[in-house]
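Peer 1: To get my numbering, take the position in the sequence shown, counting from 1, and add 1.
Yeah, the Cβ is synthetic: ideal placement off N, Cα and C, and Gly gets one too.
The model shown is predicted, which means the values in this text are computed figures rather than measured ones.
One structure, pasted below without further comment.
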Amino acid sequence: MVRTAPRTVDDVRRGLAAHDYLADEGLATSIFLALALERPLLLEGEAGVGKTEVAKVLARWTGGELLRLQCYEGIDAAQAVYEWDYSRQLLHLRAVEAGGGEVVEDELYSDRFLVKRPLLAAVAHEGDVPPVLLVDEIDRADDEFEAFLLEILSDWAVSVPELGVVRAEVPPIVVLTSNRTRDVHDALKRRCLYHWIPHPDFERELAILRVRAPGVPDALARDVAAAVEALRRLELYKPPGVAETIDWAQALATLGTARLDEKTVDVTLGTILKYREDQERVRAHGVGALVEAAVARSA
Ligand SMILES: Nc1ncnc2c1ncn2[C@@H]1O[C@H](COP(=O)(O)OP(=O)(O)OP(=O)(O)O)[C@@H](O)[C@H]1O
Ligand SMILES: [Mg+2]
C-alpha cells in the first residue's frame, strides 16, 4: 500500500538511490521483503554504517511520516506510547470552574489532552500512506520495554485504558536499529526480518562519497575510501563509519588537499578516529605506510 509500491528489489535500490542512499543487494532485498510482507525490519551493524538513515530515507521515498523513537535506558510507556497533558487538563479544569461550569471526567480524557508518542502515533495514523516508525537503538532500552514493544508490533494495536484500543488502519513501516551493545531477544527477532549492515566496500564507499560529498575531487575521494578501507583492517576500538568517511573527505577538501599525504593525514586524524588509543595504534602502524597503500589502491 506504499504509494511507491516497489515490485522488485531493484525498485527499492533505485528508490533509495534517488534519495542518496546506496544500498547493496542484501539490504535492498531485506527492505523489499519487509515492505512486501509488512514485517518490521531489524538492522544491526557497527556505528555509522547507515542504520538510522535507512528509516529516514524510506520516509522520504514513500512519502510516509517519520515517527522516531530514540531508545535509552529506563524508557517507558509515557515517552514511547502516550501521556496525558496534565497541565492542559488542569488549565481546562480551572477555566471551566471559573466560568461556573462543571467538568465531566470523560472530557479530560479525550483526544484533545492526549499526547501521542511515536508508538501510539504510528498505530493511530490516518490515511493511506503508512508512516515510517523508527525504533532507534533498541539495545539501549531494557527487557521490559522490549517485551512491551513486541506486543505492539504483533497486534498493531495499543490500548489506552481511558479511550479503548487503538488499532492501525494500515500497518506502519517499522525499522528497528541496534548497535548490539546487548543482544535483542529472540521473541522480538522472530517477529522481525533481520539484516546486518556491514561496512561498505571500496567501490560503494566511493559511490557514497560521490553523492554525499559531491564537492570533494574524485582523486581525493578515491584516496579517502582506500585509506578508510585500510584503517578498518587495523582492529581499532572504533573503526570509522561512513559518516566519518564523509567528514574526513570534506575536511580534507576544505584544506585544499588534492591527494592524501602523510602530514595531512596525521593532522586530520581526529576527524576520522575519535579515540586517542586508535590514533596511537594508527601512528604505531605508520601513517606513511597507510597513505602509500591507500594511494596505490586508489590509482
Ligand atoms: N549506504 C549509504 N548511502 C548513503 N549514505 C550513507 C550510507 N550509509 C551511511 N551513509 C551516511 O552515513 C551517515 C551515518 O549513517 P547513520 O547515522 O544512519 O548510521 P548508524 O548506523 O545509524 O550509526 P549509529 O550506530 O552511530 O547510530 C548518514 O547520515 C549518511 O550520510
Ligand atoms: Mg543510528
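1. Check each candidate in 241, 236, 216, 237 and name the one with the smallest Cα separation from residue 226.
2. Looking at C-beta atoms only, is the number of pairs between the stretch 66-79 and the stretch 136-147 that lie closer than 8 Å three or more?
3. Using DSSP with H/G/I as helix, E/B as strand and the rest coil, what is residue 249?
4. Can you give me the start and stop residues for the alpha helix (DSSP H) that residue 137 sits inside?
5. So, is residue 230 buried or exposed, given that buried needs 16 or more other C-beta atoms within 10 angstroms?
6. Inspect the CB distances between the stretch 12-28 and the stretch 39-58 and report whether three or more fall short of 8 Å.
7. Would you identify the three-state DSSP class for residue 303, choosing helix, strand or coil?
8. Measuring straight from C-alpha to C-alpha, what distance separates residue 27 and residue 196?
9. Between residue 168 and residue 109, what straight-line distance do the alpha-carbon atoms span, to the nearest angstrom?
10. What's the gap between the Cα of residue 297 and the Cα of residue 36?
11. Alpha carbons only, please: which of 46, 186, 148, 41 is nearest the one belonging to residue 194?
12. Say the cut is 7 Å; is the CB of residue 153 nearer than that to a heavy atom of ligand 1?
13. What is the DSSP secondary structure of residue 16, counted as helix, strand or coil?
14. Who are the Cβ neighbours of residue 186 in its own chain at under 6 Å, not counting the five residues just before and after it?
15. For the candidate residues 112, 145, 179, whose alpha-carbon lies nearest to that of residue 163?
16. Flag residue 276 as yes when its Cβ comes closer than 7 Å to any non-hydrogen atom of ligand 1, and as no otherwise.
17. Examine ligand 2 and report whether any of its heavy atoms sits within less than 7 Å of the Cβ of residue 178.
18. Would DSSP call residue 27 helix, strand or coil?
19. Note down, one range per segment and in chain order, each beta strand (DSSP E) of at least 3 residues found wholly within the stretch 78-155.
20. What does a CB cutoff of less than 8 Å around residue 48 pick up in its chain, not counting 5 residues either side in sequence?
21. Tell me the rounded alpha-carbon separation between residue 236 and residue 31.
22. Does ligand 1 have a heavy atom nearer than 7 Å to the CB of residue 45?
23. Give every residue of the same chain whose Cβ lies closer than 8 Å to the Cβ of residue 157, excluding the five residues on either side of it in the sequence, and list them in chain order.
Peer 2: Judging by the given coordinates:
1. Scanning 241, 236, 216, 237 for the CA closest to the CA of residue 226 turns up 241.
2. The answer is yes - the stretch 136-147 touches the stretch 66-79, with three or more Cβ pairs under 8 Å.
3. Residue state, collapsed to three classes: helix.
4. Element bounds for residue 137: not the alpha helix (DSSP H) but the beta strand (DSSP E), 133-137.
5. Residue 230 counts as buried, since no fewer than 16 other beta carbons sit within 10 angstroms of its beta carbon.
6. As far as the Cβ criterion goes, the stretch 12-28 touches the stretch 39-58, which means the pair count is three or higher.
7. As shown, the chain starts at 2 and ends at 300. That puts residue 303 outside it, with no answer to give.
8. As the crow flies, the alpha-carbon of residue 27 is around 8 Å from that of residue 196.
9. Going from the Cα of residue 168 to the Cα of residue 109 covers about 22 Å.
10. Going by C-alpha positions, residue 297 is about 42 Å away from residue 36.
11. For the residues 46, 186, 148, 41, the minimum Cα distance to residue 194 belongs to 41.
12. The answer is no for residue 153.
13. Assignment of residue 16 by DSSP, reduced to helix, strand and coil, places it in the helix class.
14. Excluding residues within five positions, the ones whose Cβ falls inside 6 Å are 147.
15. If we check each option's Cα against that of residue 163, 112 comes out closest.
16. Incorrect: residue 276 has no Cβ contact closer than 7 Å to ligand 1.
17. Using a cutoff of 7 Å, the CB of residue 178 counts as near ligand 2, since one of the ligand's heavy atoms is closer than that.
18. Helix.
19. List check, beta strand (DSSP E) in window: 83-85, 115-117, 133-137.
20. For residue 48, where only same-chain residues beyond five positions count, the Cβ hits under 8 Å are 180, 239, 242.
21. Answer to the nearest angstrom: the Cα atoms are 28 Å apart.
22. Incorrect: residue 45 has no Cβ contact closer than 7 Å to ligand 1.
23. If we look at residue 157 and ignore the five residues flanking it on each side, its Cβ neighbours are 124, 168, 169, 172, 173.
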